[in-house]
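Below: the structure, in structure tokens.
Protein chains in written order, with the numbering used here: chain A, 42 to 631; chain B, 1283 to 1525.
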């Protein structure tokens, strides 16, 4: 039996980016908030310190900061007719666990989506006609526009101290920034990072081809910075240990650095770690979540925490899983297209090519997680898609995020993988090569969705979340197209060798790392028949439940999702504190 | 083992000089030239003097001999670095397999165990320790059948040929392919060669020196400008240098 605790004003499930932001905004509005974090407490000055924070084996390879698949994982099948198998070991994606969530070990790329990404279906219909969108492509508008979100993007960028250069300031295009971005009210809070050799080479090559390179927007502070919460960030030291690691310089924005110091000092907030949420207690007739049931993994004891307001701020997978196991909303059925929970699961279509330059010293180990120069010329709908057989595109980046040699050792095509010749090539090319990355959009397919696995269970007895996912024709076409551009840029560097182009081909594989940009499952929108939450991220089925994060994306744009996730968190918090708390009930008519 | 004159256990316990050399190289107790010297002596059966070998945590003598032979085939000694065993890679593997990772930490182990597609990744019920036990046994069984010798007793050229066959998946072991075992073996070898020396491999940061990776403390804000387009010339440092 669960021990019933006294009711609190609000409970936040998951204390990562969205949980921290919502808890902060709600406590500021006077609410008492409990934060439930399934993992351990992580304090940068304690847990992320020199020298151990630079342990490549422990963090990058043995996956210290990631979800423990022995306890909880997902299963995968490539189509609805197959049987899913569990992802026994993480590879393709690396969800976080512990205070700060994946926000503690991300790379820091902090984007705004293009204006046309926000109302994608409407935009593509207007430009190409409704018939141009394939029947199986279940893309949708977010239900919020770029203009709605602009102040909230701005707020999140200030919270993170993003380093970058505006390319569109209040409608004026600025060369050297991203001229394709939507109009910004403000410049980035920090100047761009110091450019690397790889970034410079990419910039020169892209310019020579008439493209528009710009420095990637990075939540790696180029200078010491104090954010509007009063939290301090140090200047980045270019250590090359961003992705998969915590930051000892407090230069990478994270919930732990940017929000939690001030939140944890607030007596209205109480953090409970090792609190593994089993389910939400749902009263369907009252359209309310009355409580949250969780397990204290230190004692095995179960608790029921009643709350007036519930914020579901876990990762994409757990947001969807908790909705499904709690029976909130109708599960999606790909055969009929009916139901909403689990639909429009999307990923990222990544690809690229290596480039080898004998006469250039790259120093790949002097890097940050979001280092490099990029182009957006072939992203979103920035180019004509007439006759291409796909929509969307990719950001294309030249840069280095690390030179950690367990995982980063480029060698030219044809090199053996071991023995004398391998050693020779590794020693010769380690410091003279880098990778051009393409981060491709993944547009929703009718048969890509999330549901409960009928066979496999997690350590507390719940079904695993089952992923039915594969790449489809338009993904392969997109990938081939943008990878060709990457190869063209590589060749324009006059390199010694261009690597084998690696456009996305074949079935989705859980083995090689691709991206931790898993989206969808609890998508937002303006139609309760086609979305799980409304445009304020409020559940259509429980008025006091708000669902945060990339699980609300109807499809995945090319961009790393955290910028949008942060903007949506502030957008939703605004609606909750200004409207919902004054008059609890649906913020939109169903 | 039918045509083995010396039983494996005695062989590795140092009954012959070759055993001492293997054990010494495995523990990495000898500096590179000394180890090479010891190995040379071993061929002429002269007794070699070496420090007492570091005890193995989990590998059996047979398994240790296999691992040593494999990592030295993957990473042969040359001008660029000492051999894999001289760099402590076999010690690294023994410790990894003996530890939490080897016991299946962070590995989902509930059944049913279905075969799946390659894209489903690892689907065997074995922990890494158990997988290496099965893989080494299967590999030795195969070379015994084909060459009349266990893998570590093969000539360097034969070892290379055998590993290539495994890499190409030409052999089917019971329960898994030779390629699957090969990939795990190559992966853990590279982890041992390139990880921080605190785990037992990459002794004297030999692998980092080979490629020019500086290790710690990796605070490069100034270096970004100073070394733009120039080779970083400071010697590498490990976690141990800061502890």
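From the three backbone atoms N, C-alpha and C, an ideal C-beta is built for every residue, glycine too. Source: prediction; values computed, not measured.
6 Å Cβ shell around residue i - same chain, five flanking residues per side excluded
| i | result |
| --- | --- |
| residue 1319(B) | At residue 1319(B) the pLDDT is 48, less than 50, meaning the model places this residue with poor confidence; the figure from the coordinates comes in the next sentence. Result list for residue 1319(B): empty, nothing under 6 Å. |
| residue 48(A) | 347 |
| residue 329(A) | 583 and 585 |
| residue 609(A) | none |
| residue 1345(B) | 1418 |
| residue 45(A) | 345 |
| residue 196(A) | 611 |
| residue 426(A) | 432 |
Burial state of residue i (16 or more Cβ within 10 Å)
| i | result |
| --- | --- |
| residue 171(A) | exposed |
| residue 1518(B) | buried |
| residue 1473(B) | buried |
| residue 1341(B) | buried |
| residue 498(A) | exposed |
| residue 399(A) | exposed |
| residue 1292(B) | Annotation note: pLDDT 36 at residue 1292(B) (below 50); position unreliable, no value reported. |
| residue 55(A) | buried |
| residue 389(A) | buried |
| residue 341(A) | exposed |
| residue 42(A) | exposed |
| residue 1325(B) | Here the model assigns residue 1325(B) a pLDDT of 41, short of 50, so the residue's position is not dependable, and the following value carries that caveat. Flag for residue 1325(B) reads exposed. |
| residue 120(A) | exposed |
| residue 1550(B) | Residue 1550(B) falls outside the range modelled here, since chain B spans only 1283 to 1525, and no answer is possible. |
| residue 1400(B) | exposed |
| residue 293(A) | buried |
| residue 1488(B) | buried |
| residue 535(A) | exposed |
| residue 1505(B) | buried |
Integer Cβ distance of residue i from residue j, believed to fall under 8 Å
| i | j | result |
| --- | --- | --- |
| residue 606(A) | residue 58(A) | 6 Å |
| residue 1503(B) | residue 282(A) | Not really, about 14 Å apart at Cβ, beyond 8 Å. |
| residue 383(A) | residue 519(A) | Residue 383(A) to residue 519(A), Cβ: 24 Å. No contact. |
| residue 482(A) | residue 597(A) | 6 Å |
| residue 1495(B) | residue 413(A) | With a Cβ gap of about 20 Å, residue 1495(B) and residue 413(A) do not count as contacting. |
| residue 259(A) | residue 409(A) | 6 Å |
| residue 1478(B) | residue 88(A) | Residue 1478(B) to residue 88(A), Cβ: 18 Å. No contact. |
| residue 1520(B) | residue 1480(B) | 7 Å |
| residue 416(A) | residue 252(A) | 5 Å |
Neighbourhood of residue i by C-beta distance below 7 Å, restricted to the same chain and skipping five residues each side
| i | result |
| --- | --- |
| residue 210(A) | 225 and 228 |
| residue 616(A) | 577 and 628 |
| residue 61(A) | 296, 300, 301 and 304 |
| residue 620(A) | 628 |
| residue 394(A) | 477, 524, 527, 528, 531, 539, 540, 542 and 543 |
| residue 306(A) | none |
| residue 220(A) | 208, 209, 214 and 253 |
Any non-hydrogen atom of the ligand GDP closer than 6 Å to residue i Cβ
| i | result |
| --- | --- |
| residue 1414(B) | Here there are no bound small molecules, and the ligand GDP is not part of this structure. |
Same chain only: Cβ atoms within 8 Å of residue i, ignoring 5 sequence neighbours per side
| i | result |
| --- | --- |
| residue 309(A) | 68, 71, 72, 73 and 74 |
| residue 1447(B) | 1453 and 1460 |
| residue 1445(B) | 1352, 1355, 1356 and 1464 |
| residue 424(A) | 418 and 434 |
#### Entry: Contact between the segment 97-111 of chain A and the segment 1376-1393 of chain B (3+ Cβ pairs under 8 Å)
Result yes; three or more Cβ-Cβ pairs closer than 8 Å.
### Task
Count the CB pairs spanning the segment 575-593 of chain A and the segment 547-565 of chain A that are closer than 8 Å, and state whether there are at least three.
Yes, the segment 575-593 of chain A touches the segment 547-565 of chain A.
### Query
Got a sec: which bits of the segment 1506-1518 of chain B sit with their beta carbon under 7 Å from any beta carbon on chain A, in order along the chain?
Taking 7 Å as the Cβ-Cβ cut-off against chain A, the residues of the segment 1506-1518 of chain B that qualify are 1506, 1507, 1509, 1510, 1511, 1512, 1513 and 1514.
### Query
Residues in the segment 1385-1401 of chain B with C-beta within 8 Å of chain A's C-beta atoms, listed in sequence order?
Within the segment 1385-1401 of chain B, the qualifying residues are 1386, 1387, 1388, 1389, 1390, 1391, 1392, 1394, 1396, 1398, 1399, 1400 and 1401.
### Validate contact between the segment 138-157 of chain A and the segment 79-93 of chain A using beta carbons, cut 8 Å, 3 pairs
Yes: the two stretches touch, three or more of their Cβ pairs being nearer than 8 Å.
### Message
Using a Cβ-Cβ cutoff of 8 Å, what residues of the segment 548-564 of chain A are near chain B? List them in chain order.
### Response
Along the segment 548-564 of chain A, the positions whose C-beta sits under 8 Å from a C-beta of chain B are 548, 549, 550, 551 and 552, read in chain order.
### Message
Counting beta carbon pairs with one atom in the segment 177-190 of chain A and one in the segment 554-562 of chain A, are three or more of them shorter than 8 Å?
### Response
Between the segment 554-562 of chain A and the segment 177-190 of chain A there are fewer than three C-beta pairs closer than 8 Å, too few to call the two in contact.
### Task
Select from the segment 111-134 of chain A all residues with a C-beta closer than 8 Å to any C-beta belonging to chain B, and list them in chain order.
Flagged, chain order: 111, 114, 117, 119, 124, 126, 127, 128, 129, 130, 131 and 132.
### Task
Give, in chain order, every residue of the segment 1349-1380 of chain B whose Cβ lies closer than 8 Å to some Cβ of chain A.
Within the segment 1349-1380 of chain B, the residues whose Cβ lies closer than 8 Å to some Cβ of chain A are 1355, 1356, 1357, 1358, 1360, 1362 and 1363, listed in chain order.
### Task
Closer than 9 Å, Cβ to Cβ, to anything on chain B: give me those residues from the segment 425-456 of chain A, in chain order.
From the segment 425-456 of chain A, only 444, 445, 446, 447, 448 and 450 have a Cβ closer than 9 Å to chain B.
#### Entry: Near-chain B residues of the segment 80-113 of chain A - C-beta to any C-beta below 7 Å
The residues in question are 91, 92, 93, 95, 96, 97, 98, 102, 103, 104, 109, 110 and 111.
### Message
Any C-beta of chain B within less than 9 Å: which residues of the segment 265-295 of chain A qualify?
### Response
The residues in question are 276, 277, 278, 279, 280, 281, 282 and 290.
### Task
With 7 Å as the C-beta to C-beta threshold (strictly closer), list the residues of the segment 1461-1473 of chain B near chain A in chain order.
The segment 1461-1473 of chain B vs chain A, Cβ under 7 Å: 1468, 1472 and 1473.
### Task
Tell me, please, whether the segment 119-133 of chain A touches the segment 546-553 of chain A by the rule of three or more beta-carbon pairs shorter than 8 Å.
Here the segment 119-133 of chain A lies against the segment 546-553 of chain A, with 3 or more beta-carbon pairs under 8 Å apart.
### Query
Looking at chain B, which residues of the segment 235-250 of chain A have a Cβ within less than 9 Å of any of its Cβ atoms?
So the close ones are 235, 236, 237, 238 and 241.
### Query
Any contact of the segment 317-332 of chain A with the segment 465-479 of chain A, i.e. 3+ C-beta pairs under 8 Å?
These segments do not touch.
### Query
Using Cβ-Cβ distances below 9 Å, what residues of the segment 382-401 of chain A are close to chain B?
In summary, the residues of the segment 382-401 of chain A whose CB is separated from some CB of chain B by less than 9 Å are 401, in the order they occur in the chain.
### Query
Listed from N- to C-terminal order along the chain, which residues in the segment 474-498 of chain A have their beta-carbon within a distance smaller than 9 Å of any beta-carbon of chain B?
Residues 496, 497 and 498.
### Residues within the segment 1430-1459 of chain B neighbouring chain A, beta-carbon criterion of under 8 Å
For the segment 1430-1459 of chain B, residues whose beta-carbon sits nearer than 8 Å to a beta-carbon of chain A comprise 1442, 1445 and 1449.
### Task
Could you run through the segment 1486-1502 of chain B and flag, in chain order, every residue whose CB is less than 9 Å away from some CB of chain A?
Here the close residues are 1489, 1490, 1492, 1493, 1494, 1495, 1496, 1497, 1498, 1499, 1500, 1501 and 1502.
### Query
Of the residues that make up the segment 250-261 of chain A, which ones have a beta carbon closer than 8 Å to any beta carbon in chain B?
Within the segment 250-261 of chain A, no residue has a Cβ that lies closer than 8 Å to any Cβ of chain B.
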